[in-house]
Structure formats: structure tokens, C-alpha cells
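Protein chains: 2
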Amino acid sequence: MDLDSIRARLVNEFRQFIETEYVIDDTETQKPFECDGLSIYRGMPLLVVLPETVEQVQRIMRACHAAGVPVIARGAGTGLCAGSTPSPEAVLLSMSRFDKIIEIDRLARSARVQPGVRNLAISEAAAAYGLFYGPDPSSQIACSIGGNIAENSGGVHCLKYGLTVHNVLEVQMVDVTGELVTLGGDSLDSSGFDLLALAIGSEGMLGIVTEVQVKLLPTPEVAQVILAAFDNVQAAGDAVGAVIAAGIIPGGLEMMDGLAIRAAEDFAQAGYPRDAAAILLCEIDGSQAETESNCERVSTIFKELGATEIRISQSEAERALLWKGRKSAFPAVGRISADYYCMDGTIPRGKLAHVLTEMETMSQQYGLSVANVFHAGDGNLHPLILFDSNRPGDTEKAEEFGGRILELCVEVGGCITGEHGVGLEKIRQMPAQFSDAEVSQFHSVKAAFDPPGLLNPGKGIPQLRYCQEYRSLRSQRDAKSSG
Amino acid sequence: MDLDSIRARLVNEFRQFIETEYVIDDTETQKPFECDGLSIYRGMPLLVVLPETVEQVQRIMRACHAAGVPVIARGAGTGLCAGSTPSPEAVLLSMSRFDKIIEIDRLARSARVQPGVRNLAISEAAAAYGLFYGPDPSSQIACSIGGNIAENSGGVHCLKYGLTVHNVLEVQMVDVTGELVTLGGDSLDSSGFDLLALAIGSEGMLGIVTEVQVKLLPTPEVAQVILAAFDNVQAAGDAVGAVIAAGIIPGGLEMMDGLAIRAAEDFAQAGYPRDAAAILLCEIDGSQAETESNCERVSTIFKELGATEIRISQSEAERALLWKGRKSAFPAVGRISADYYCMDGTIPRGKLAHVLTEMETMSQQYGLSVANVFHAGDGNLHPLILFDSNRPGDTEKAEEFGGRILELCVEVGGCITGEHGVGLEKIRQMPAQFSDAEVSQFHSVKAAFDPPGLLNPGKGIPQLRYCQEYRSLRSQRDAKSSG
């Protein structure tokens, strides 16, 4: 059957149990679903469907399973790895109508929510009980908890409070055949295999999440931010290591380099020192007593390691202002460059200075500037490669440069993603990280959940044939560059 | 081929690459491997092999895979769910010679160790750097980190520091075909599916762990224990909830009931109030300032909720003594009863009083006493059922009573294991927790890692046919008891 007939048949079937307007088959209305936050990847879907109940999701999955049609789930569309990019053969299943907070349990310190609920909305609802939800991606105003689960999202505070995988207790998920399964539960341990962690970060490849129970954390009594300026990046990197080695776990520990500092300062007027080579922003939170003592210890460490300036926020307004600069770093860089490509990789903390030096060399090779903003405490880099998509060849150069940065992360013992996921974007670098045996294992697990391979096909896990090509091309390149 | 011929062939093959004495084929030398810590389950192996290198493990797995012979991995043998009970058709693979601490990385706060290293040995080696390994099962002097991974072990401090799954960064594992794969890594996030968490708690059913990287935590500046006595169990249960709801996360929060208190006091002379209906032991740790302030807050909460006595440890010796009573509760109960059966289940904190009352009713029905010792903070129960294996029918009654306790845990929204795992012991209660769709999913995942089903067969996951029988028998039983 051709795609038009399949579309017509599914539209007809879906409209028997979903209101007409939520089954979208015309190109114009489909347009907003064309890409996620990484808009260099685009595609049109077979059709878009927006169910509202678990039963509707089950019926959609049953119909698609019977017809052999792939399904791509989508949350709020803020993802940065092209994890929910549509494809013309696949139904795009938007979970945005699953937007209810079902229950907040103060004693168990947990919230039960639908996957379309915005990340920040959970903390807002929990605030009345003195609780909050830990992971705070920069997109937290807009991104949904279902999308956070798909990508195992982090945020500034994940150094202390962990990623999504550390903060979810249970998910309910509709599998490829339409069966509803529960993974995880209230308890710390759970019998059987730990399928919960497997589902988190699985990018819609194992099932469609329809309900989530998250942990809530007690809101710290106080929080203060320490800004420290350094006249070289090495010293700033050493200071990060020294804080961690001293046994202090800051709420967040962020680094920005010169280019990022100046762009952010022009945009946000946060009072950052424009002439610094690097700044650190270190948030200390906890009880009053604990915060005071840790602020003092961290300031001492920063001074000993050569900080040229130290500022401790004296009010909530000042704390918010110091963070405003960091949080607006991406749009700020957007003002100084036509386009930018935000990378995401992780390295061991000790390799920070080495990786920054290598990136500087590559930046000169490719003729493209890089601004660095990163979660230094947990070694999660976000280099922003500046380019101009109207300049011929620039986009390709930026993509290649980005790929090389990811390979560098793996070379120093790190990982090709920190919190953005793999999706379509980083699937090319997966063989740099994983052996064929490991990639095969991913395929086996995928097949265990999704034997016909209908859930978000082509994302996340590369084909073995591609891995072999990659290795052969890369060894040619390495031979050339060393020859 | 009969078992004797298979044994002879494998012994011959193994001795080509492993010293003769480490390939054990005589019954007498095999005897110590007959059971793990749950000695009511016993069995003899086909043969016992103790490899020393990863390559030897790979060769063993290749040989067994080729011959279609099952393999049961064993750590220190301290497990409490019959997870490594031998079987006459299977090779018993003891990892006890993998006992080296490979590296401690102070800056990354991690340790790389072989799986046979004892849990406590990691903290001892890390102490020089002011670090320790979080999970602390009661058996920590003896149990190995590989066994901890198999069962996702916890301990008194897991309320604050998490279970094994929260403290392992990477495992290297030999799969059923002899291939070496790495799961997880240094970074907080990892690309691809999260197979690391899947491996933790998988009871040797997915692969043989050969190397482990664990997180280390900074040793808290100080720790103090608060003992609070209550004249009824309900009040003690409420006090646990109130501490958690106040936003305090104690290092540990344990409860003991009257029978357990008196047995422990007779044994350890810790100064427990012998006439209390329940005591709580609450450990507060952190910086000096934080600990002082939290001790005060917790004491106030305990007083408000009716504590009849409160004692705060004033020295390390006093803290150790207060814990000694709790830690020796199992042997202490062993003195007052010929045998005891230690159960392990988890319930929501709010159901504590209800579950204790129900257990009391069952205790009268079965005519067997129960002493309760538990990790109250995270709802992990350890009821000790007292029985006498020399009294005909007593063992069977204890087992049935234990099964009913696990079912009760599931009924109130809990889980049939807290930290001991499923193994042979709790496989019968798995259908109380999981639907057929969920059990099928476990089988698919198992098959993805181990297509021929050679790794620790018959443990952890029940057959679907058994699940159906269980449901039918249980509905008959429920009809009878309500009829």
C-alpha cells in the first residue's frame, strides 16, 4: 500500500476514537511538528495524532502495530538532538494533551504526573509543600517531563540532585503492541530487572510513556551563588576539581569562557568581569549554617587557586541576576553570530584544560569560533560553535567540527552526550563510544521491547554496517593526519 | 551426553588454562559451595571453577556456551535469597579470586575494583582520601561488591546514600558468548540505553561482572545517633514520616519492635529501654553545624510525637554501641529461637503501623513469633520469623507465613524485596507483583542478553505458566478466606 492510502486508513481509524481536530493530516497544520529544538534536522510526518487518554494511546499503538507503521513520540519539542524529528512513513504521536498533575504526596515526597506536564510546573505545584523537582534543564519553562524521560535530561543542579534517571520512581508505558506496563515503583529497590532506568533516556524507542511518578526534594533553606573570575582557564578548571576534592557538593558549578562571558554580559548585565578568561558560578545550598560554612570554604579554595575576583550573592535578587547571565548565554551568543550549534558532551573533570586547548586548535582549523558554557562540576560541556548558514559550506563545517568535539570527549575518557541525548544528531558518533558487541547488545534490547522495530526507528542506535564503515573511514583519517 | 561425561570434558578443558586446584570436581571440596546465606536452599554443582583473569572467564563462558551448559556465578556466598544456589547441571563460577582494588581516583571520587573485593575493603582503602563507599549491607565485612551488584544491595545508610544502583558508575561484564562488554562509564549520563542499571540487581542472569567502578563519597565531618523510645508502634511510625516530611534526610533511620529490642539488649547491652514498644535509631551526619542543627530538629519532632525517652550519642564510642545493638539483632534473635527466617520487603512509609498489625494477626494464625527490625526511613522491612526446624511442619509454616508477608507488602503498594533480591526464594511471589505482560518483558530482556538461557536459569523470573497457576490458586484461597 502507498503512503497516502495508509494515511487515509489510519486517519479514518483514529477519528473513530479521537476528535477530528486532533488527527492532523494536512501539511499546513503539520508544519509546526516538522522539527524539534535542533532545527537543522527536519521532516514531515505521515500524520500527527494527539491522544488524551491512555486507552487512546493503546488503540493507536494497536492500529499502527497491525498496519506495520512506525510511531515517533513527541513531547514539547524542545529537544536538542533531533530525537523526535518526523519521518514521512511514521505517525507522529504528540503527548502534549497529557498535561495533568495527578497527585502530590507530601509524605512520600513524590508527584504523579502525566508526561506532557512541563518540568517547571511540577516544582511550582510542589512549592506549597516546601518541595521541588530536582532536574532543571535550561528549557524547564517549556520542556515536558515525558521529553525529560526520553533524553534523561539534566540541568544546572544535576551535579547535586542528579539527572532524570535519579529522580523518577515509576513510569507507566504503552508498549509497541498496545499493552500497558509499569516499570519501577514507590520503593527504592524493585524486584525483577531494573527496566525503569532502561526506559529513561531511551528516546521513545522502547514504548510510549503515559504516566510518571517523580521524586520531590525538600527546598533548601537558603542558596547563595559565588562568582569567581580567573585569568586563565587552567586555574578555573583546577578550582573545580579542588571544590569537589574538598568534599563539597555544590548545588551547581558552572564555567564560562571569555567569549561566552562577554556575550552574556552584553545581553544580561549581570556584572560579570568582561576581561576574565573564565568565570565560575558556584551555588551553595542547604541549611543556613551549612551554607555559610561551605561558602567560606569554597571562597578560600578559589582564592588559593588564583581567583582574581570573588563575589558572593547577598540577596535573592543578586543570586537571580548572577544566574540570569548564565541562563541567557545561548540567546546571548545568538546575538553575536548568525547561527550557533550547541554541542553536548561529557569529559572527566581533570581533562577540562586539555579539552579546551584542543578545541581552540580545531576552532582555528575550521575557522569557526567557539563559546564555552558548561556544567563544570560534572564535566558536561556545551561548546557553542558560531557559524552562518548563509555562508556556503559553513553548516557542514560546523557539523564536522561538532563531531570532532564529540570524538575528543570519547578519547579523553568521556561520553558523546551529557544531557541532550543521541537522536539523529549523534548517531554518527556512537561507534566512537561503543564496540560492535555493545551496539549489538543495544539492538537486542531494542528488539526485546519492540520486535518489529516500529518505535522511533533510525534514531539513537546506529546500524552495525554503519559502525564498520565509520571505523574504516576514521582509521583512514587518523592515518592521514598522522602521516 | 550424561552429566558425568560433560563434567569430565569441561574439567579437562578448564584445566588447560586454570590451575588444577581451582577446578573442583570432587564432592567434598564442592561442599562449601552448596548454599548461600539462605541455607534452607541447597544443591550440588556440576563442578566449581575459580578463575583469576578476565580471559579465563571468557574462555569458561565460551566453553559452556558451546557445550550448552548453564553457569551460576557466585560472590562471597552471603546472599539471602538463594540467588547463587548450585544446580547439578550447572557450572558454579566463583569470583572470589577477583579480589584486587585496581585504582582509587581521588579527584573523580571513584574506585575501580574487581568484583570479589569485599564491600568494607573499598571504604577501608578509600579512608586515606577522606572518602567512603555508600551502601553498607549488614554483611559488609564479608560480602563482595560483585554480589552487591547481583542483588542491588542496600544497608542502613541507603536512605541517604542510595542502593548499589545509585553508587556504581561502570561495570565490565562477560556475556554468555564470552564477549567482554562495558556498561555505563565515568559520566553522569551515557549515550545508548542505560544497560548499567539493568545489570545491577540482575542476579547473574545477564552476564558475569569482571570489573566495577564505584562512586566514592566524602566522609561526613561528624555523625551522631539519636535513640528514641516509644510506648506504641504507631507513634514511632508517625515519627519516621514526620522526620522525612520536615525535609531532613538522616544517614539512617531504623526501627526495632519490642521483641527485637529485648533480644538485642540481652546480646549487646547497648542500653536500649527494654520496656519500649518500639525504638527508633536516627543517624544524623554532615558538617558540625548541620549535624547540631538537625539533631535538635529531630529530637523536637520525636518529643512532639510522644517519645518517652531520647538519647543522643555524645561520643564515637557511644554511637558505635547504639549501632551495635541494631547490627547484632539477627544473631541476637538467633539466641532466643532455634531458627529464624529473615524476610525482606518494602512498603510505603505511611503503611508501617497497618502492616505491623496485620503481621501480628498472621503471627497468631501461624503460631510463630515475629521480631521486627527495619530500615524505617525507606520502608524496608526485615521481619524475623522464629521457628524450629526440628518441629515437624514448622519450616513449611515459616515459609508460608513469609510468603504472606510479601503479598501483604504488594497489597499496600510496596515491593517483595528491599535489598535481598529474588533468587529462588521469592520467585513464587513475583506474580503478586507483576502482570503477565511485565513478566514476559523480563523474559524478552533476559533472552536479549542470553538467548540460550544459560546464565543462572530458574532464578529471579518465574515461568509464565507458574504465574497463571499462582493467580488461579490465589483467587481460590482469597475466595475461601472471604467466604
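Top line first, the protein sequences correspond to chains D and E. Numbered according to the numbering used here, the first sequence spans residues 547 to 1029. Numbered according to the numbering used here, the second sequence spans residues 547 to 1029. Yeah, the Cβ is synthetic: ideal placement off N, Cα and C, and Gly gets one too.
Use the C-beta contact count for residue i: other C-beta atoms within 10 angstroms, 16 or more gives buried, fewer gives exposed.
i	result
residue 648(E)	exposed
residue 531(D)	Nothing about residue 531(D) can be reported from this structure: the residues present for chain D run from 547 to 1029 only.
residue 918(E)	buried
residue 742(E)	buried
residue 577(D)	exposed
residue 913(D)	exposed
residue 665(E)	buried
residue 558(E)	exposed
residue 847(D)	buried
residue 957(D)	exposed
From the DSSP secondary-structure annotation, give me the bridge partner or partners of residue i.
i	result
residue 892(E)	926(E) and 961(E)
residue 800(E)	827(E)
residue 1017(E)	Paired residues: none, contrary to the question.
residue 885(D)	933(D)
residue 664(E)	690(E)
residue 651(D)	656(D)
residue 617(E)	637(E) and 1001(E)
residue 774(E)	826(E) and 856(E)
residue 575(E)	According to DSSP, which records beta bridges pairwise, residue 575(E) is partnered with nothing at all.
residue 718(D)	728(D) and 757(D)
residue 769(D)	831(D)
residue 595(D)	569(D) and 639(D)
residue 840(D)	Beta-bridge pairing links residue 840(D) to no other residue.
residue 678(E)	763(E)
I want to verify the contact list: residues of chain E whose CB lies under 9 Å from the CB of residue i, in sequence order.
i	result
residue 835(D)	833, 834, 835, 836, 838 and 839
residue 744(D)	739, 740, 741, 743, 744 and 991
residue 979(D)	731, 736, 737 and 738
residue 849(D)	Simply none; closest approach about 20 Å.
residue 968(D)	737 and 738
If residue i and residue j are in contact, beta carbons under 8 Å, what's the gap, nearest whole angstrom?
i	j	result
residue 731(E)	residue 698(E)	That pair is no contact at about 19 Å.
residue 690(E)	residue 621(E)	4 Å
residue 920(E)	residue 800(E)	7 Å
Could you work out which residues of chain D lie near residue i, taking near to mean beta carbons separated by less than 7 Å?
i	result
residue 894(E)	654 and 732
residue 711(E)	740
residue 983(E)	725 and 727
Given this structure, state the Cα-to-Cα distance separating residue i from residue j, to the nearest angstrom.
i	j	result
residue 570(E)	residue 579(E)	11 Å
residue 973(D)	residue 837(E)	47 Å
residue 793(E)	residue 1002(E)	42 Å
residue 568(E)	residue 642(E)	11 Å
residue 773(D)	residue 788(D)	16 Å
residue 764(E)	residue 677(E)	4 Å
residue 983(D)	residue 725(E)	7 Å
residue 551(E)	residue 605(E)	19 Å
residue 997(E)	residue 989(E)	10 Å
residue 657(E)	residue 1000(D)	40 Å
residue 994(E)	residue 661(D)	28 Å
residue 954(E)	residue 969(E)	19 Å
residue 630(D)	residue 899(E)	47 Å
residue 601(D)	residue 612(D)	16 Å
residue 711(D)	residue 680(D)	11 Å
residue 845(E)	residue 831(E)	14 Å
residue 588(E)	residue 654(D)	39 Å
residue 672(D)	residue 623(E)	44 Å
Please list the partners that residue i has in chain E, where partner means a Cβ-to-Cβ separation under 8 Å.
i	result
residue 987(D)	721, 727, 741, 994 and 995
residue 976(D)	737 and 738
residue 972(D)	737
residue 790(D)	653 and 655
For residue i, is the beta carbon positioned less than 7 Å from some heavy atom of the ligand GTP?
i	result
residue 599(D)	For the structure depicted, the ligand GTP is absent and the ligand set is empty, with no information on it obtainable.
Can you list the residues of chain E that residue i reaches, using a CB-CB cut of under 7 Å?
i	result
residue 764(D)	793
residue 846(D)	Within 7 Å Cβ-Cβ: nothing; residue 846(D) doesn't reach chain E, min ~15 Å.
residue 962(D)	737
residue 748(D)	739
Determine the chain D residues that contact residue i at a beta-carbon separation under 9 Å, and present them in chain order.
i	result
residue 650(E)	Within 9 Å Cβ-Cβ: nothing; residue 650(E) doesn't reach chain D, min ~13 Å.
residue 1007(E)	738 and 739
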